[in-house]
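Numbering (the numbering used here), first residue to last: 350 to 458.
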């Protein structure tokens, strides 16, 4: 934003285009981690996808935020949402692979 180059070791995306165009998107989904439960969350449009364990071996949850804002009805095992779950699993695997090679991981090695 101030015209300085970003250091290569820093993570993140340039969100400055959003200042000029609020409809500009930087990411397709928000990602967060719950380390104590080994949970990973992707939030996209009207969906929240939660995976416990690297491959979801400890459970998976899928919620439609617009119709279930309190996240009471887990749709992950509903056959009608199998394609949505598969899409999120693929997206989660790509995200987890991408964060394995960040600065924090390199420091731990």
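From the three backbone atoms N, C-alpha and C, an ideal C-beta is built for every residue, glycine too.
Since the structure is predicted, the reported quantities are computational estimates derived from the model, not experimental observations.
*Give the secondary structure of residue 378 by DSSP, where H, G and I count as helix, E and B as strand, and everything else as coil.*
coil
*Please classify residue 449: does DSSP put it in a helix, a strand, or coil?*
Per DSSP, reduced to three states, the secondary structure at residue 449 is coil, with no helix or strand assignment.
*Going by the beta-carbon positions, is the gap between residue 410 and residue 425 smaller than 8 Å?*
yes
*Express the C-alpha separation of residue 427 and residue 387 in angstroms, rounding to a whole number.*
When rounded, the distance between both Cα atoms is 23 Å.
_Beta-carbon proximity of residue 445 to residue 398, cut-off 8 Å_ = Taking 8 Å as the cut-off, the Cβ atoms of residue 445 and residue 398 do not count as close.
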